Amino acid sequence: MFNKEYEAMQLSKLREVQLERLRWSLKHAYDNVPFYRQSFDAAGFGPGQLKTLDDLRRVPFLMKQNMRDSYPFGLFAVPMEKVVRIHSSSGTTGNATVVGYTKNDIELWAEVMARTIACAGGSSKDVVQVAYGYGLFTGGLGAHYGAEKIGATVVPISGGNTERQLMLIKDFGTTMLACTPSYAINMADHVERNRPDYDFRKTKLRAGIFGAEPWTEQMRTEIETRMGIDAFDIYGLSEVIGPGVSCECSAKSGLHVFEDHFYVEIIDPESGEALPEGEKGEIVYTSLTKEACPVIRYRSRDITRLYRTPCSCGRTLVKMEKVTGRSDDMLIIRGVNVFPSQIEAVLMEVEGTEPHYQIIVDRKDALDDIEVMVEVNERLFSDELKVMNQLAARIRQRMQSVLGVSAKVTLVEPRTLARSEGKAVRVVDKRKLK
Amino acid sequence: MNITQLSLFLENKPGRLQSALKVLAGKNINIRTLTIAEVTDFGIVRMIVNNPDEGARVLRENHFTCSTTEVLAIEISDEPGALEKALEAFSRHGLNIEYMYAFTEKRNDKAVMIFRFDDIEAAKKALAGEGYKIVKKIDIIGE
Chain A
4 MFNKEYEAMQ LSKLREVQLE RLRWSLKHAY DNVPFYRQSF DAAGFGPGQL KTLDDLRRVP
64 FLMKQNMRDS YPFGLFAVPM EKVVRIHSSS GTTGNATVVG YTKNDIELWA EVMARTIACA
124 GGSSKDVVQV AYGYGLFTGG LGAHYGAEKI GATVVPISGG NTERQLMLIK DFGTTMLACT
184 PSYAINMADH VERNRPDYDF RKTKLRAGIF GAEPWTEQMR TEIETRMGID AFDIYGLSEV
244 IGPGVSCECS AKSGLHVFED HFYVEIIDPE SGEALPEGEK GEIVYTSLTK EACPVIRYRS
304 RDITRLYRTP CSCGRTLVKM EKVTGRSDDM LIIRGVNVFP SQIEAVLMEV EGTEPHYQII
364 VDRKDALDDI EVMVEVNERL FSDELKVMNQ LAARIRQRMQ SVLGVSAKVT LVEPRTLARS
424 EGKAVRVVDK RKLK
Chain B
720 MNITQLSLFL ENKPGRLQSA LKVLAGKNIN IRTLTIAEVT DFGIVRMIVN NPDEGARVLR
780 ENHFTCSTTE VLAIEISDEP GALEKALEAF SRHGLNIEYM YAFTEKRNDK AVMIFRFDDI
840 EAAKKALAGE GYKIVKKIDI IGE
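Just so you know, the protein sequences line up as chains A and B, in that order.
So the first sequence is residues 4 to 437, counted in the working numbering.
So the second sequence is residues 720 to 862, counted in the working numbering.
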């Protein structure tokens with residue numbers, strides 16, 4: 004454990020820490036950000052009125068749209084001379100979301116990422132290859148600072164250039180890989196296709212911290228078997244800090260939230276009402292210690308569940324379930340709720356299929372049409388047409404029985420589906436365009 | 720005596736076949752014969768080339784999905800009923816043909832056809848007994 008005092012803190016003590024920090028954070032936001040002042044005032048809430056943590060429920064939410072509307076620096080709570088770093092989302096829809104960090108924020112971020120690496124069994128003895136993209140995207144630098152903080156050896160290779168990644172894993176004795184899960188699968192594919200001489204099991208690679216996109220248990224199993232490593236889910240979002248919000252430990256049964264820095268609530272995404280602990284809903288974040296960009300009740304749109312059960316790793320921090328979907332990428336197809344992650348699970352079930360897929364939703368004659376495009380790799384490909392047709396039919400049948408929707412399944416060539424920032428673009432909803 | 724066929728997955732879109740063939744041409748790979756099986760959205764290109772392994776390598780390098788398959792090239796007399804007779808022999812031996820296609824040029828005044836059997840070893844045994852000539856690799860694709 005990187006910081007046992009906080010990661011294994013007694014709940015009553017943790018609540019005290021949270022309450023004290025929350026008071027500071029609310030006041031800091033109210034005093035320095037006109038948006039928060041207006042929104043608190045409109046709700047008739049003064050930061051001084053916070054008596055218990057539950058009083059936070061009186062504070063209005065911060066929506067992604069509010070962040071976009073504040074582009075670029077409207078939500079910054081410190082003067083620019085205190086801001087030492089800026090990150091930004093790719094901003095494919097509407098304006099990009101911009102976040103700033105003070106020196107202390109960078110230190111906090113390094114701390115939670117160091118905890119993340121330790122959670123995955125890492126220490127100063129590790130060689131961490133950071134294959135997340137470096138740049139405005141938070142993945143690369145977030146992992147980098149955390150790995151340095153813990154004293155590991157950092158290989159800041161960034162994303163892409165798979166041959167070079169493989170070479171450095173071997174030559175530098177990389178023990179831990181940090182990248183998106185789809186890039187890890189990409190690497191395994193590359194080896195299978197082009198490098199019969201390369202064996203991950205003969206390298207020192209033993210663990211991976213994978214995040215920045217939702218992934219399934221099947222993907223974990225696939226990565227673990229094909230690369231011979233332990234695959235850990237790490238979670239974060241740039242609005243809150245970047246990677247380092249929560250991560251899996253050796254128990255691999257949920258992600259510990261670093262709740263001494265990020266206060267979490269679960270709400271009903273429809274009504275906005277808080278849900279009791281253990282129920283599934285949208286996770287909402289409030290930063291407790293961040294200076295440059297405090298977020299107060301930020302609606303993440305990520306759907307998960309929180310539970311506080313004793314963990315074999317000794318951490319007392321609350322756990323969140325692997326994020327299974329988002330309240331805003333939930334697709335309603337002819338009245339049926341469909342999460343892309345469910346479609347992914349179906350694809351993984353159909354033997355050998357890898358999750359390079361894209362869902363296209365369109366509306367024709369007032370009827371929703373769903374098309375799932377699946378990239379055909381060598382394991383799926385056959386020189387016999389009937390085998391290919393059977394594959395598409397199997398996927399179609401499983402979708403029908405599991406999701407209750409009939410989808411068109413289209414087999415496409417490798418690398419034809421869009422990816423951005425190393426993240427796969429899973430859903431294209433053309434219905435919004437009209 | 721097997722011939723290695725190069726099979727390629729392509730989306731049914733303008734320019735896809737051309738770009739695959741361009742990749743092969745760039746490595747001086749000569750196509751001896753080619754056939755396409757297609758459905759609405761995609762097709763499978765099957766071809767006999769002079770260097771299938773190099774062909775597969777260069778296609779993969781350019782991110783095409785492809786594979787190699789063992790097939791048989793068989794001489795069939797160029798006369799009415801000859802193919803029917805051959806198929807009769809195959810079915811008598813319980814040999815299932817997944818697909819077949821032909822070479823454009825004749826050999827020893829005979830047609831040469833490519834057969835993809837579900838069980839190539841059984842096919843070879845049966846064909847030898849029936850007196851069909853399986854054309855050697857060297858005679859099809861050169862050295």
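Ideal Cβ placement from N, Cα and C applies to all residues, glycine included.
Predicted, not measured: the structure shown is a model, and the values here were computed from it.
Check	Outcome
Are the stretch 277 to 286 of chain A and the stretch 32 to 39 of chain A touching, with three or more C-beta to C-beta distances below 8 Å?	no
Are the Cβ atoms of Tyr186 (chain A) and Gly162 (chain A) separated by less than 8 Å?	yes
Between the beta-carbon of Ile866 (chain B) and the beta-carbon of Met720 (chain B), is there less than 8 Å?	The shown model of chain B, from 720 to 862, leaves out residue 866 (chain B), and the question about it has no answer.
Compute the distance between the beta-carbons of Lys85 (chain A) and Ala295 (chain A), then report whether it is under 8 Å.	yes
Using only alpha-carbon positions, find the residue among A:Gly407, A:Pro313, A:Asn392 and A:Asp372 that is nearest to Arg434 (chain A).	A:Asp372
With distances taken between CB atoms, is the gap from Leu25 (chain A) to Leu53 (chain A) smaller than 8 Å?	yes
Can you tell me whether DSSP reads Arg223 (chain A) as helix, strand or coil?	helix
When you compare only the Cα positions, how much space is there between Leu180 (chain A) and Gly136 (chain A)?	13 Å
Would Leu802 (chain B) count as contacting chain A if we go by Cβ distances under 8 Å?	no
Between Leu729 (chain B) and chain A, is there a C-beta pair that is closer than 8 Å?	yes
Hey, Gln13 (chain A) and Thr319 (chain A): beta-carbon distance below 8 Å or not?	yes
Would the stretch 216 to 229 of chain A and the stretch 242 to 252 of chain A be scored as touching if the rule is three or more Cβ pairs under 8 Å?	no
Assuming Asn6 (chain A) and Glu114 (chain A) form a contact by the criterion Cβ under 8 Å, report the distance between their Cβ atoms to the nearest whole angstrom.	7 Å
Please list the terminal residues of the continuous alpha helix (DSSP H) segment that includes Pro184 (chain A).	Pro184 to Asn197
Near Val158 (chain A), which residues of its chain fall below 8 Å by C-beta distance, leaving aside the five closest residues on each side in sequence?	Val130, Val131, Gln132, Val133, Leu171, Phe175 and Thr177
Chain B partners of Val326 (chain A), CB-CB under 9 Å?	In chain order: nothing, as chain B lies at least about 30 Å away.
Within the stretch 768 to 846 of chain B, note down every full alpha helix (DSSP H) run reaching 4 residues or more, in order along the chain.	771 to 780 and 801 to 811
Apply the 10 Å Cβ neighbour rule to Tyr104 (chain A) and answer buried if 16 or more other Cβ atoms are within range, or exposed otherwise.	buried
Under 8 Å, do Val831 (chain B) and Ile722 (chain B) count as touching if we go by C-beta distance?	no
Where does Pro63 (chain A) sit, in a helix, a strand or coil, going by DSSP?	coil
Could you name the residues of chain B that Pro417 (chain A) contacts, counting a contact when the two beta carbons are closer than 8 Å?	His782, Phe783 and Thr784
Sort A:Arg418, A:Pro313, A:Arg366 and A:Glu324 by Cα distance to His359 (chain A) and report the nearest one.	A:Arg418
Using a Cβ-Cβ distance cut-off of 8 Å, determine whether Leu420 (chain A) contacts chain B.	no
Per DSSP, what kind of secondary structure is Glu268 (chain A) in: helix, strand or coil?	strand
Going along chain B, which residues have a C-beta under 7 Å from Val341 (chain A)?	By Cβ distance, chain B contributes nothing, its closest Cβ being about 22 Å from Val341 (chain A), past 7 Å.
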